[in-house]
Amino acid sequence: NVAFPAVLIDFPDTTYDYLSDNALSATASVTLRLLVAPFEQSNDDAPIEVKQMALQFFELEYKLSNAIHGWMPNDDYSQPLVLNKVSSNNRNDLGLRIRELHFTTAFYLFDQ
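Residue 15 in my numbering is what sits at position 32 of the sequence shown, and the numbering runs on without skipping anything.
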């Protein structure tokens, strides 16, 4: 169970390229799933207050993407996170609005 709104973090894949001397270059994907419930109506017939509640998730998405885009660890382990795609994955059967924010970053691994 989660409290809404919620953000779920996933690291779906990382690709590695061999450089030399056992050094690797890596490109990693990070996906944030913004879950908002309950799903409100945003059609023209809905009252303005209901439409405003339905569209409030866009404000959350904007704040989340601005907070994460460009972030990097303090130890300079990786390149800054770069937002490269946002998509919807709504679960209307559950009444959930889900927005997926896809980021990438890069880092190096060295044999020490």
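Here a beta-carbon is modelled for each residue, glycine too, at the ideal position from N, C-alpha and C.
Measure the CB-CB distance between V(-10) and L7 and report whether it falls below 8 Å. Within the sequence shown, residue -10 is the residue found at index 7, counting from 1. Within the sequence shown, residue 7 is the residue found at index 24, counting from 1. Contact annotation: V(-10) and L7 have beta-carbon atoms that are not nearer than 8 Å.
Leaving out five residues on either side along the sequence, give the residues of the same chain with a beta carbon under 8 Å from the beta carbon of L47. Taking the sequence shown and counting its residues from 1, the one referred to as residue 47 is at position 64. A distance below 8 Å between beta-carbons, with the five flanking residues on each side excluded, links L47 to the following residues of its chain, in chain order: V(-10), L15, L17, L84.
Bridge-paired residues (DSSP) for A89: Position 106 of the sequence shown holds residue 89. A89 is bridged to T10.
Mind checking whether L64 and M55 have CB atoms under 8 Å apart? By 1-based counting over the sequence shown, the position of residue 64 is 81. By 1-based counting over the sequence shown, the position of residue 55 is 72. Yes, these two residues count as a Cβ contact at 8 Å.
Do you know how far the Cα of L38 is from the Cα of P30? Within the sequence shown, residue 30 is the residue found at index 47, counting from 1. Within the sequence shown, residue 38 is the residue found at index 55, counting from 1. For P30 and L38, the gap between their C-alpha atoms comes out near 13 Å.
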